[in-house]
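Under our numbering, the first residue of the sequence shown carries the number 18, and numbering increases by one thereafter. For every residue, glycine included, the Cβ atom is placed at its ideal position computed from N, Cα and C. Have a look at the structure below before the remarks.
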Amino acid sequence: MDLDGDRTYPNKGAYGDIEVFTCPLIPVPYDLALVKTVNSSVSSGPFQNGSTVSFKIRVYNQGTQATQSILVRDQFPASLVLADANWSLINPGLLKELSIQLLNPEIMKTSLLILR
């Protein structure tokens, strides 16, 4: 192509001009916050080996864009055992919950996690 964007080889008479379009990609700023706390309304402690501990995990969209396919993963000590059917183990001590399909701006999704 020459400086005008015209095709020079093979000659432009055989194939015509080629139009060049540009489509700038604008990065979308995502701003998610995650907070994990002991669910004190269910698990007040003190905790001992074998005690059931309930956690609240909150994911909040602080940004201006909706987000999709958010996957929440959590790690926990080997001394705890998963006691929640909504979560699944990836490896010992590493678990995941099904992804959050859509989280609009200024919206929070709360998940519970139970360990023993």
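Which one or two residues does DSSP pair with residue i in a beta bridge?
i, result
"Ile131", "Ser71"
"Val52", "Arg75"
"Leu106", "Leu112"
Please list the terminal residues of the continuous beta strand (DSSP E) segment that includes residue i.
i, result
"Ile87", "84-87"
"Asp101", "No beta strand (DSSP E) contains Asp101, which DSSP labels as neither H nor E."
"Leu65", "Leu is not the amino acid found at residue 65; the sequence shown has Gln there. Segment: none, Gln65 is in no beta strand (DSSP E) and carries neither H nor E."
"Leu120", "117-120"
If residue i and residue j are in contact, beta carbons under 8 Å, what's the gap, nearest whole angstrom?
i, j, result
"Pro94", "Gly80", "Rounded, the Cβ-Cβ distance is 32 Å, inconsistent with contact."
"Arg133", "Gly62", "The Cβ separation is near 14 Å, so there is no contact."
For a quick check, are the C-beta atoms of residue i and residue j less than 9 Å apart?
i, j, result
"Ile124", "Tyr77", "yes"
"Thr69", "Ala102", "no"
"Leu120", "Ile74", "no"
"Thr84", "Leu42", "no"
"Leu106", "Leu112", "yes"
"Gln82", "Val45", "yes"
"Ser71", "Ile117", "no"
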